[in-house]
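Undergrad: Before I ask anything, let me first share the structure, which is written out below as structure tokens.
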Amino acid sequence: MSTSIRAYDTVARLGGDEFAILLPEIRQDSDLSTVARKILSAFEQPFQLAGRELFISTSVGVALYPGDSAEIDALFKYADSAMYHAKKMGRNNFQFYSRELTARSSERMQLEAALRRAIKHNELELYFQPQVDLATGEIIGSEALLRWNRQEGMVTPDRFIPIAEETGLIVGIGEWALLNACQAAVRWNEGREHPLRVAVNLSTRQFIQNDLVATVRATLIETECKPEWLKLEITESLLLDDSNHVLEMLKSFNEMGLAISIDDFGTGYSALSYLNRFPVSQIKIDRSFVRDIAHQRDKAELVKAMISIAHALNLELIAEGVESEEQANYLLAHGCRIAQGFLYGKPMPAAVFEQYLDSSTAVLQ
């Protein structure tokens, strides 16, 4: 960053991965735009670390003195709001502060405060969505999904999970979700002939902490949950980071007997070259490919290609977002045997899911 600014400008680290730059004597907004573009351009180049190339995304927020405020604290807050807006716009860009962002920032801070209270007062809950064997109709597993039941009504995951990620709250929430999912898996597998596996999502933020493997191992021991009853879901982007740290953690999970699933496969950059390198046991076809599978030839061909890849690499395959018999029949006919979607049930509280399991005709209903 220092190479992108003048000698009398100031760069300071605020903490973590956030920095502030003070640019005095700026004559016009276009000068700020020029500096922001230079900074973004500098970060387009890879960093060399331990003989590897690492790429970093950058988001820049800009607030003006005295146009936006004459108070230093307010300027920091406004620049922060603009930066978060830049992140939402896709990262690797910059945004100027506007009054509209103040309202958004205020709403975000209120939601963050409410989320902290929700964690303290146990307002978070795990819902479970059935995963079904298309050939037999048997429920063979479920995915544990976070839900937030506020007094004012349900808060959708797309509103609070990004905040949990940004603030680091997702680490504690993730540990809570893992514990509760393991406890549920133990209850549901009691007396079952074939294991029913509960899938838990792991966030990128959780992988940053060094004790994730120890946390998972300790949770399995504490709950007496067998590894074959648990599945860990990770995002495709985590593999694309090409991190030895991630690789070693996944190897540890694999050695513990845990299944690893790539969630929303196909929505990011191609991860095909990584499937052999990482100890992955399952890929999940994203709902965006399944939605029009019976009517759009390009989507159908993509799904068929994914199925072929999975079979060639001896990977289990599951399709998300299955809502019709037509979709289910197409998937089964082309070699995808496991499905998840509204056709078999929406995400539901644990007690309701248990009723599903107790009913031999649950899938047909």
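Per UniProt numbering, the sequence shown starts with residue 1, numbered consecutively.
C-beta atoms are modelled at their ideal positions from N, C-alpha and C, and glycine is treated no differently.
Remember, predicted model here, so these are calculated numbers, not experimental data.
One question on the structure: do ILE260 and VAL280 come within less than 8 Å of each other, judged by their Cβ atoms?
TA: Taking the first residue of the sequence shown as position 1, residue 260 is located at position 260. Taking the first residue of the sequence shown as position 1, residue 280 is located at position 280. Against a cut-off of 8 Å, the Cβ pair of VAL280 and ILE260 comes out as a contact.
Undergrad: Using the Cβ count rule (16 or more neighbours within 10 Å means buried), how would you classify PHE94?
TA: As a first step, residue 94 is located in the sequence shown; it is residue number 94 there, counting from the start. The residue is buried, with at least 16 neighbouring Cβ atoms inside 10 Å.
Undergrad: Measure the Cβ-Cβ separation of ARG297 and GLY321 and say whether it is below 8 Å.
TA: For the purposes of this step, residue 297 is taken as the residue at position 297 of the sequence shown. For the purposes of this step, residue 321 is taken as the residue at position 321 of the sequence shown. By the CB criterion at 8 Å, ARG297 and GLY321 fall outside the cutoff.
Undergrad: Mind pulling the beta strand (DSSP E) runs of 3 or more residues that sit fully within the UniProt domain "GGDEF" (1 to 99)?
TA: 10 to 15, 18 to 22, 47 to 49, 52 to 54, 59 to 62 and 93 to 96
Undergrad: Please name the residue or residues paired with LEU230 in a DSSP beta bridge.
TA: For the purposes of this step, residue 230 is taken as residue 230 along the sequence shown, with counting starting at 1. Answer is VAL198, bridged to LEU230.
Undergrad: With which residues is PHE265 paired in a DSSP beta bridge?
TA: Mapped onto the sequence shown, residue 265 falls at position 265. Paired residue(s): ILE285.
Undergrad: What do you reckon, are the CB atoms on ILE5 and ILE26 nearer than 8 Å?
TA: Walking along the sequence shown from the start, residue 5 turns up at place 5. Walking along the sequence shown from the start, residue 26 turns up at place 26. No.
Undergrad: Apart from the five residues just before and just after GLN365, which ones in its own chain have a Cβ nearer than 8 Å to its Cβ?
TA: What you label residue 365 is simply residue 365 of the sequence shown in a count that begins at 1. No answer about GLN365 holds up, because its pLDDT of 38 lies below 50 and its placement is not dependable.
Undergrad: Can you tell me whether residue 396 is buried or exposed, with buried defined as 16 or more other CB within 10 angstroms of its CB?
TA: As shown, the chain starts at 1 and ends at 365. That puts residue 396 outside it, with no answer to give.
Undergrad: For ARG291, which of helix, strand or coil comes out of DSSP?
TA: Within the sequence shown, the letter at position 291 stands for residue 291. If DSSP states are grouped into helix, strand and coil, ARG291 belongs with coil.
Undergrad: Report the rounded CA-to-CA distance for GLN129 versus PRO162, giving the unit in angstroms.
TA: Here residue 129 refers to the residue found at position 129 of the sequence shown. Here residue 162 refers to the residue found at position 162 of the sequence shown. Going by the C-alpha atoms only, they are around 21 Å apart.
Undergrad: Measure the CB-CB distance between ARG217 and MET256 and report whether it falls below 8 Å.
TA: Along the sequence shown, read from residue 1 onward, the residue named residue 217 stands at position 217. Along the sequence shown, read from residue 1 onward, the residue named residue 256 stands at position 256. Taking 8 Å as the Cβ cut-off, ARG217 and MET256 qualify as a contacting pair.
Undergrad: Would you mind sorting MET249 into buried or exposed? The rule is 16 or more other CB atoms within 10 Å of its CB.
TA: Looking up residue 249 in the sequence shown gives position 249. By the neighbour-count rule (16 or more Cβ atoms within 10 Å), MET249 is buried.
Undergrad: With H, G and I counted as helix, E and B as strand and the rest as coil, what does DSSP make of MET256?
TA: Numbered from its first residue, the sequence shown carries residue 256 at position 256. Here MET256 sits in coil by DSSP.
Undergrad: Write down every uninterrupted run of the alpha helix (DSSP H) in the region 135 to 211 whose length is 4 residues or greater and which is fully enclosed by it, in chain order.
TA: 157 to 167, 169 to 189 and 204 to 208
Undergrad: Does VAL171 come within less than 8 Å of chain D when only Cβ atoms are used?
TA: Given the protein chain composition of this structure (a single chain), no chain D is represented.
Undergrad: Return the first residue and the last residue of the alpha helix (DSSP H) that VAL352 is part of.
TA: Along the sequence shown, read from residue 1 onward, the residue named residue 352 stands at position 352. First-last of the alpha helix (DSSP H) with VAL352: 350 to 358.
Undergrad: Considering only C-alpha positions, which residue in the set PHE207, SER324, GLY335 and ALA300 is nearest to ALA312?
TA: The residue given as residue 312 occupies position 312 in the sequence shown. Comparing Cα-Cα distances from ALA312 to each of PHE207, SER324, GLY335 and ALA300, the minimum goes to GLY335.
Undergrad: DSSP beta-bridge partners for THR235?
TA: Locating residue 235 in the sequence shown gives position 235, where the first residue counts as 1. In DSSP, THR235 forms a bridge with ASP263.
Undergrad: For the 8 Å Cβ check, are there 3 or more pairs between the region 148 to 156 and the region 220 to 235?
TA: Of all C-beta pairs linking the region 148 to 156 to the region 220 to 235, fewer than three are shorter than 8 Å, placing the two stretches out of contact.
Undergrad: Going by Cα to Cα distance, which pick from TYR344, ASN149 and PHE19 is closest to GLU138?
TA: Counted from its first residue, the sequence shown places residue 138 at position 138. Checking every option, the nearest Cα to that of GLU138 belongs to TYR344.
Undergrad: Count the CB pairs spanning the region 116 to 134 and the region 345 to 359 that are closer than 8 Å, and state whether there are at least three.
TA: yes
Undergrad: Can residue 366 and ALA74 be called in contact, C-beta distance under 8 Å?
TA: The chain is shown only over 1 to 365; residue 366 falls outside these bounds and no answer can be derived.
Undergrad: Based on DSSP bridge pairs, tell me the residues matched to LEU126.
TA: Within the sequence shown, numbered from 1, the residue matching residue 126 stands at position 126. Assignment of beta-bridge partners to LEU126 by DSSP yields LEU146.
Undergrad: Rounded to the nearest angstrom, what separates VAL213 and LEU258 at their Cα positions?
TA: For the purposes of this step, residue 213 is taken as the residue at position 213 of the sequence shown. For the purposes of this step, residue 258 is taken as the residue at position 258 of the sequence shown. About 11 Å.
Undergrad: Work out the CA separation of PHE207 and ALA310 for me, nearest whole Å.
TA: Translated into positions along the sequence shown, residue 310 becomes position 310. Translated into positions along the sequence shown, residue 207 becomes position 207. If you take the alpha carbons of ALA310 and PHE207, they lie about 25 Å apart.
Undergrad: If ILE338 sits next to GLN131, beta carbons under 8 Å apart, how far is it from one beta carbon to the other, in whole angstroms?
TA: Taking the sequence shown and counting its residues from 1, the one referred to as residue 338 is at position 338. Taking the sequence shown and counting its residues from 1, the one referred to as residue 131 is at position 131. That belief holds up - the Cβ atoms of ILE338 and GLN131 are roughly 6 Å apart, short of 8 Å.
Undergrad: Quick check: the Cα distance between PRO227 and GLN282, rounded to an integer number of angstroms?
TA: What you label residue 227 is simply residue 227 of the sequence shown in a count that begins at 1. What you label residue 282 is simply residue 282 of the sequence shown in a count that begins at 1. Approximately 15 Å, taken between the alpha carbons.
Undergrad: Return yes when the Cβ of ALA177 is within less than 8 Å of the Cβ of ALA135, no when it is not.
TA: Position 135 of the sequence shown, counted from the start, is the residue given in the question as residue 135. Position 177 of the sequence shown, counted from the start, is the residue given in the question as residue 177. No, the Cβ-Cβ distance between ALA135 and ALA177 is not below 8 Å.
Undergrad: Whose C-beta lies closer than 8 Å to the C-beta of SER33 among residues of the same chain, with five residues either side of it excluded?
TA: Start at 1 with the first residue of the sequence shown, and residue 33 comes out as number 33. Closer than 8 Å at the Cβ level, and outside the excluded window around SER33, lie PHE94.
Undergrad: With a threshold of 16 other CB atoms inside 10 Å of the CB of HIS85, please say whether the residue is buried or exposed.
TA: On the sequence shown, position 85 is the one that residue 85 refers to. By the 10 Å Cβ count, HIS85 comes out buried.
Undergrad: Reducing DSSP to helix, strand and coil, say where GLY335 ends up.
TA: Within the sequence shown, residue 335 is the residue found at index 335, counting from 1. The answer is coil: DSSP assigns GLY335 none of H, G, I, E or B.
Undergrad: How far does the alpha helix (DSSP H) with LEU302 in it reach, from first residue to last?
TA: In the sequence shown, the residue the question calls residue 302 occupies position 302. Annotation for LEU302: the continuous alpha helix (DSSP H) segment containing it runs 297 to 312.
Undergrad: Since ILE318 sits in a beta bridge, which residues does DSSP pair it with?
TA: Sequence index remark: in the sequence shown, residue 318 carries index 318 (1-based). Note: ILE318 sits in a beta bridge opposite LYS284 and ILE338.
Undergrad: According to the Cβ coordinates, are TRP229 and VAL200 closer than 8 Å?
TA: Taking the first residue of the sequence shown as 1, we reach residue 229 at position 229. Taking the first residue of the sequence shown as 1, we reach residue 200 at position 200. No, the pair does not count as a contact, with Cβ atoms beyond the cut-off.
Undergrad: In the DSSP assignment, what are the bridge partners of VAL216?
TA: Working through the sequence shown from its first residue, we reach residue 216 at position 216. VAL216 is not bridged to any residue.
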